[in-house]
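J.: Sharing a structure here in structure tokens format.
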Amino acid sequence: MNNLKGSWRLSGWRRTTSKGDVSYPLGEDASGLLVYTSDGKMMVQMTAAHRPPLETSNPLGGSAEEQAAAYSTCLGYFGSYRVADGKVTHRIEGSSFPNWSETEQVRPYELSGDELILRTPPSESGGVTTVNEMSWIRDKGPADA
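As structure tokens, then:
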């Protein structure tokens, strides 16, 4: 049974290394929305808080510096998903991080009531292992919805 269906609000994204270092890639007050639909589609958008506006009304414009700052303070992707054996697999069709487009990202998960925790599989670089953990709270929506 798929209990992930619905909307989820980001409550935190924490990165932990085997050295014991802890960081928050989009800051401790990042926000985000994760949606799993009943027909197997998904999308996620996460952003840092207090992102400065660009000096243009063109959503594809801005100086190179503005674009770099905007790119480094958000992450989003969309596609389809499947749930099996305590893991959710995101089959990504498009992403703000181009390297993830047309890939599958597997996330071991824990679901407890209205809290969902997604983890990345451990990755190693330079002898240091890193795990990302995204915590989500089920979004009940407006009371009058």
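FYI, in UniProt numbering the residues of the sequence shown are 1 to 145. Beta carbons: idealized from backbone N, C-alpha and C, even for Gly.
Between which residues of its own chain and threonine 37 is the CB-CB distance below 6 angstroms, once the five residues before and five after are set aside?
T.: Taking the first residue of the sequence shown as 1, we reach residue 37 at position 37. Excluding positions up to five away in sequence, the list is empty.
J.: For lysine 41, list the residues DSSP reports as bridge partners.
T.: Walking along the sequence shown from the start, residue 41 turns up at place 41. According to DSSP, lysine 41 bridges with Ser80.
J.: Which residue comes first and which comes last in the alpha helix (DSSP H) that contains tyrosine 71?
T.: Within the sequence shown, the letter at position 71 stands for residue 71. Element bounds for tyrosine 71: 64-71.
J.: Which stretch, first to last residue, makes up the beta strand (DSSP E) that contains glycine 94?
T.: For the purposes of this step, residue 94 is identified with residue 94 of the sequence shown, where counting begins at 1. Looking at the DSSP string, the run of the beta strand (DSSP E) that includes glycine 94 is 87-95.
J.: Quick one: grab the DSSP three-state call for proline 98.
T.: The count along the sequence shown starts at 1 and reaches residue 98 at position 98. Here proline 98 sits in helix by DSSP.
J.: Quick one, are the C-beta atoms of arginine 119 and glutamate 104 less than 7 angstroms apart?
T.: Here the question's residue 119 lines up with position 119 in the sequence shown. Here the question's residue 104 lines up with position 104 in the sequence shown. No, they are not a contact pair.
J.: Can you tell which of Tyr81, Leu116, Leu60, Tyr71 has its C-alpha closest to the C-alpha of glutamate 102?
T.: Taking the first residue of the sequence shown as 1, we reach residue 102 at position 102. Residue Tyr81 is the option with its Cα nearest to glutamate 102.
J.: Could you have a look at residue 194 and say whether DSSP puts it in helix, strand or coil?
T.: Within the shown structure, residues of the chain are numbered from 1 to 145, placing residue 194 beyond reach of any answer.
J.: Within 10 angstroms of the Cβ of arginine 107, are there 16 or more other Cβ atoms? Answer buried if so, exposed if not.
T.: Here residue 107 refers to the residue found at position 107 when the sequence shown is read from its first residue. Arginine 107 comes out buried.
J.: To the nearest angstrom, report how far apart glycine 113 and glycine 61 are at their CA atoms.
T.: On the sequence shown, residue 113 is found 113 positions in, with the first residue counted as 1. On the sequence shown, residue 61 is found 61 positions in, with the first residue counted as 1. Approximately 42 angstroms, taken between the alpha carbons.
J.: My output table needs one value for tyrosine 109: the three-state DSSP class, helix, strand or coil.
T.: For the purposes of this step, residue 109 is taken as residue 109 along the sequence shown, with counting starting at 1. If DSSP states are grouped into helix, strand and coil, tyrosine 109 belongs with the strands.
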